[in-house]
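Numbering (the numbering used here), first residue to last: 15 to 610.
Each residue gets a CB set at the ideal place from its N, CA and C atoms; glycine is no exception.
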């Protein structure tokens, strides 16, 4: 299989400024109204966190105004991989199935969208069949057909033209890489990918070479959206996608602004998911996160499209004066340090454990933003929303318990066991465009020094991650013994989260994400078993076992189960966070309390 260079639910561009430890006291006691509504109509602190705020107040009409400090990687449904893009794209794209429009964990469940029902599965989990609904149309009124769905999926194979998006469907439907993609298909019959059959315009059948228990989750990704062949502008498609949803592109100026207006050909009767409350949806992109937060607080915009938390400056003001407009969701990401085994002495588990025990985990949490803006201390490597996760209950190194301030005695004991009783030197690699990560590196550096481990910090260009830390040979050359990163699930399963991190077949010469270079037959075997296990209880059990094996290997030092402080305007109605999009607000059915 081919690994993913960056994950939608993990590659959300951070619009953060420097982390300020002093904010913790502000965050802990922030002013404003803690629970009920406020004078200006705000719903109350955490009112939309895993529950619906202002549910019955949404009116048809008005302009929903997003702000953002980062444009999407692409608005092309095949190429987009930022989490907020997946969330926002449901305004103009539909899939056979999608996530439920419900708060919290319920949002991760799948429900029919273009299809009349969930898949009819047969042939021991290798055949999936769907029937399209009546009345589903493109923005020009022509029907959406099974061939359009097939063609949209086939575009994933055109990686030379449409690189950047997830390739799970490519890996599962064509594991040998035999299909050339729609732009290079030289077959005489021109039937395209043989693993997808379209016997008529409303029927689509997927024939998997091997069963994969998460296949329907993959079909819920934006990359499985239909694309009509006569509207495919290839590499330019992201500038003006052709709509299958309730809104269509009116204008787009990359890095500046985006405007969606109603798709008059969309029919509510054909769409059980989308309510399409606003008449217009706008996005304004800012170059400065502090300026954006100030405009959000002033009421000029309704919410942050990036959904990566307010900057420290904006957060301080909001917590003091507008707490009723804030939510504090768990993001679904884990922030952590990882130890490449190719860099000595991290080929020795005891040396890895020395770092885990030597770290001050409270200090690391503080560097991330503290318990409110940073998250709960991380104790293992499976995010809370993934089935099989145990949260802080599973804490094999007592990171959130007896050793939360670090345990120098245990660290020195581990150093002695790995043949480095006097410590050693190494280098921490950290992205230069992630201030909270730099602060984390500095915290780790300070605590390790106390146990005899000297760590230099090398800040590298965060936009070049795949060629710097994603190159095992470069990691070894640079002596990067500790890499600071974060990860979130593409879809809520151990496969959608951990496969690129922990499976040995995902170790690549470039674009590698298995930074620890884990080659564990037991872990590989558990993943192989997982994809062919069709019952949920069995899948959950295997996911827990994989997490335990990873932690027992001492490959990672988790920092936090991440949390954010996110802003919602007092105008918003029907607003809630969802685990389907890593704790973001679910954009698709947001409404306004007034159509003005």
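Asked, Found
"Using the C-alpha atoms, what's the distance from residue 290 back to residue 405?", "36 Å"
"Pick from 576, 590, 575: whose alpha carbon is nearest that of residue 582?", "590"
"Just to confirm my understanding: we take residue 497, look at its own chain, exclude 5 residues before and 5 after, and list those with CB closer than 6 Å. What are they?", "352, 443, 483, 529"
"Which class does residue 173 belong to by DSSP, given the choice of helix, strand or coil?", "coil"
"Evaluate residue 192 with the Cβ neighbour count: other Cβ atoms within 10 Å of its Cβ, from every protein chain shown; 16 or more gives buried, anything less gives exposed.", "exposed"
"Consult DSSP for residue 324 and reduce its assignment to one of helix, strand or coil.", "coil"
"Within a Cβ cutoff of 7 Å, which residues of the same chain sit near residue 616, ignoring the five residues on either side of it in sequence?", "The structure shown does not extend to residue 616, since the chain spans only 15 to 610, so no value can be given for it."
"Which residue wins for smallest C-alpha separation from residue 230, given the options 242, 144, 62, 568?", "144"
"Between the beta-carbon of residue 631 and the beta-carbon of residue 85, is there less than 8 Å?", "Residue 631 lies beyond the stretch modelled for the chain, which goes from 15 to 610, so this question has no answer here."
"Give every residue of the same chain whose Cβ lies closer than 7 Å to the Cβ of residue 476, excluding the five residues on either side of it in the sequence, and list them in chain order.", "445, 446, 447, 448"
"Look at the alpha carbon of residue 606 and the alpha carbon of residue 75, and state the distance between them as a whole number of angstroms.", "8 Å"
"Which of the three DSSP states, helix, strand or coil, is assigned to residue 193?", "coil"
"Since residue 80 is in the beta strand (DSSP E), which residue starts that stretch and which ends it?", "77-82"
"Tell me the residue span of the beta strand (DSSP E) that contains residue 274.", "271-276"
"Provide the residue span of the alpha helix (DSSP H) that contains residue 455, from first to last.", "449-463"
"Please determine, among 164, 557, 505, 334, the residue with the shortest C-alpha to C-alpha distance to residue 597.", "505"
"Does DSSP classify residue 364 as helix, strand or coil?", "helix"
"Got a sec, what are the start and stop residues for the alpha helix (DSSP H) residue 309 sits in?", "303-312"
"I need the straight-line Cα distance from residue 62 to residue 217, nearest angstrom please.", "39 Å"
"Which one or two residues does DSSP pair with residue 157 in a beta bridge?", "151"
"Is the Cβ-Cβ distance between residue 387 and residue 396 less than 8 Å?", "no"
"Should residue 288 and residue 260 be called a contact, given that it needs their Cβ atoms to be closer than 8 Å?", "yes"
"So what's residue 601 in DSSP terms, helix, strand or just coil?", "coil"
"For a minimum of 4 consecutive residues, which ranges assigned as the alpha helix (DSSP H) are wholly contained in the region 226-260?", "229-233"
"If you draw a straight line from the alpha carbon of residue 280 to that of residue 525, how long is it in whole angstroms?", "40 Å"
"Using three-state DSSP, classify residue 346 as helix, strand or coil.", "strand"
"Using 8 Å as the threshold, is the C-beta distance between residue 366 and residue 568 below it?", "yes"
"Who are residue 499's beta bridge partners in DSSP?", "350"
"Where do the N-terminal and C-terminal ends of the beta strand (DSSP E) with residue 444 fall, by residue?", "439-445"
"Which runs of the beta strand (DSSP E) fall wholly inside the region 387-412 and span at least 3 residues, in chain order?", "389-391"
"Give the single residue among 419, 263, 393, 417 whose Cα lies nearest to the Cα of residue 407.", "393"
"With 16 as the cutoff for other CB atoms within 10 Å, does residue 168 come out buried or exposed?", "buried"
"Could you check how far apart the C-beta atoms of residue 410 and residue 566 are, in whole angstroms? I think they sit under 8 Å.", "7 Å"
"Which whole-angstrom value describes the C-beta separation of residue 599 and residue 321, a residue pair presumed to lie in contact below a C-beta threshold of 8 Å?", "7 Å"
"What does DSSP give as the partner residue(s) for residue 136 in the beta ladder?", "141"
"Between 262, 557, 312, 300, which has its C-alpha nearest residue 292's C-alpha?", "262"
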